[in-house]
Structure formats: C-alpha cells, structure tokens
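In the working numbering, the protein residues as written are 22 to 303.
Even for Gly, the Cβ is constructed at its ideal location relative to N, Cα and C.
Below is one structure, written out as structure tokens, with a few remarks after it.
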Ligand code: PD2
Ligand code: ZN
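Right under this line is the structure:
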C-alpha cells in the first residue's frame, strides 16, 4: 500500500544527525511517529541510512601522509631553525609553496659557490628510461652534487633545513648546486619521478619518491632567472639568501607543482637545491 509519505532530503539529513548524535533507532522512530510519520516509511529511511553509514565506515580511508614543511599553524613571521631565524615571506596552499627569507648568510652562499665552482659540469638529470644519467636539453645550467654532510657549511645548512621543514636529514638527497649563465634556463618540469617511466622503480629503490623541493638562491642574476610555477602564475625572484619550498604528496600533475627556471638575461644565477624523499636516502 502506498502511503504517499515522502522522506525529503532535509528530513533524511535530520535523521542522520539524530543518529550521529547518539539517539537510538526506537527513539527516532517514536519521534517520527509523534510527528505523523508511518512506521514503515520511517523504517525504510532508517534502513537506508544505516546501510550508508556501514558502507562509509567500511570504505578504506586514505591516511593523510606526513609531509615535509614548516609549521605555519600560528602564522609565524619567523621560524627559529637551529641556528638561524628564517623569515616566512610568502605562502600558498595549493600547491603548498613557501618563500623563505634570510635562509642563508652571505658567507654561506659564497662558501657553497666557491666549493661548487671547481666541480661544475654541464647538468645531468636522472634518465628515467634507464635510471642512469644523461645530458638534458631542458636544463642548460652547469651543476654538481655535494655529498650529504660533505663540509661544515653543507652540514649546518642540512640541519637547519631539517628543522625548518620537519623532515629528517637522512631523508634528503645531497645538495645540488646549479650555475645559470645568460641564456641558461631550466624548462618547466616536475621534480617527482614519473611513475610511467620504465627506469622509475630502480630510482625509487633508494629512498622512495621525492615529496618536496627547496631551491635556495646563492647568487642573484642582474635580470631574469625567476623560479616559475606556470600552473598557478607564480614567479619567485631569485634573491640571494632566500629560498622557495614546495611539496607534492603524489607524483601527479594534479599537485600543480610544474615549475621551471626562467632564462637568465644578465649576470649569473646560482642555486642550491635540496630534494626530500619519502624515506631514508642512503
Ligand atoms: O633554479 C631554479 O629556479 C630551478 C627551477 C626549477 C631549479 C629547479 N627546478 C630544480 O633544481 O629542480
Ligand atoms: Zn625542479
């Protein structure tokens, strides 16, 4: 027999709220009966609500994975990172981008440049076909890698970065230093390893995926050389001693972390990049 009674979305929502608040099904049915609802109509709606609740609690919930990044909960203007007060100059949520000021002293910038200069070679990038390294036409800078903790400046900076980004030193790759001369650039790319490339499983054996990047500016060019995020129209000026941090919780363009180094127009740009992995990188 059709009762003609119809449970509106609003009533369904009210019922769900009553259940969530801990009211029992008999109590709910009694209040609905008092309000003129027939038991079979109330029971059908209750059964549907219960099955939805059961399905929701059975569905696997993706655990929120821990990610590197500064503690911005109290909207700090500065963060004490071991031995230095680092400024928080600019933040963006999606993608997560944070621009830091006063991240390195002039002496640290000069020390890294001097130690790197004598070891520069035309930049190689990880070759995702095989997991080896190749000359990359998309990156026309010269570069080198420091070992983790290789010298006092590197070790001090790594400890500072670990505190600032709340990520163990051991999860970081060795610092990479790049020099861009006029005309040199780094075309837009993602820093994570493309899961579709055949060489990626080999690369991931050591430390898992990259999950965040910190590009630190050691020397500003006179013109050009911004770090660009084309998906969100952001350009970060390469000011000496500052840095730009961004993170990506999955290897997917949906993270909107496409980024590049715009061509240097005049002068030389030097950066140091720290990539952070999911796990210990040994
Ligand atoms: O030097 C830069 O601005 C830059 C841009 C994009 C560096 C990197 N990527 C990198 O080191 O991954
Ligand atoms: Zn990059």
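Cα-Cα separation between residue i and residue j, rounded to whole angstroms
i	j	result
residue 299	residue 228	6 Å
residue 55	residue 61	14 Å
residue 266	residue 260	14 Å
residue 159	residue 33	56 Å
residue 216	residue 297	17 Å
residue 291	residue 241	7 Å
residue 287	residue 250	21 Å
residue 22	residue 59	With a pLDDT of 44 at residue 22, under the threshold of 50, the predicted position of this residue should be treated as unreliable, and no value is reported.
residue 233	residue 186	10 Å
residue 176	residue 71	57 Å
residue 89	residue 188	5 Å
residue 92	residue 269	17 Å
Residue from the options whose Cα sits closest to the Cα of residue i
i	options	result
residue 278	115, 57, 184	115
residue 108	92, 273, 123, 64	123
residue 226	287, 129, 301	301
residue 139	166, 113, 121	166
residue 281	71, 212, 28	212
residue 163	204, 248, 86, 230	204
residue 173	233, 95, 128	128
residue 112	214, 256, 69	256
residue 209	193, 218, 29, 284	284
residue 264	35, 248, 252	248
residue 65	87, 198, 85, 27	27
The beta strand (DSSP E) enclosing residue i, as first and last residue numbers
i	result
residue 163	163 to 166
residue 137	Unbroken run through residue 137 is the alpha helix (DSSP H), 127 to 138; no beta strand (DSSP E).
residue 209	207 to 210
residue 201	197 to 201
residue 99	99 to 102
residue 111	105 to 113
residue 231	231 to 240
Endpoints, alpha helix (DSSP H) assigned at residue i
i	result
residue 225	221 to 225
residue 179	173 to 186
* **Contact the stretch 95 to 104 vs the stretch 176 to 192: 3+ CB pairs below 8 Å** => yes
* To do: Mind listing, in chain order, the continuous alpha helix (DSSP H) runs of no fewer than 4 residues lying wholly within the stretch 248 to 301?
  => none
* To do: Kindly provide the ranges of any alpha helix (DSSP H) runs that are 4 or more residues long and lie completely inside the stretch 28 to 71, ordered along the chain.
  => 30 to 41, 46 to 55
* May I ask you to verify whether the stretch 127 to 143 touches the stretch 268 to 278, counting CB pairs closer than 8 Å and requiring at least 3? => no
* Sequence-ordered residues whose beta carbon comes within less than 6 Å of a heavy atom of the ligand GDP -> Absent from the structure shown: the ligand GDP. Ligands present: the ligand PD2 and the ligand ZN.
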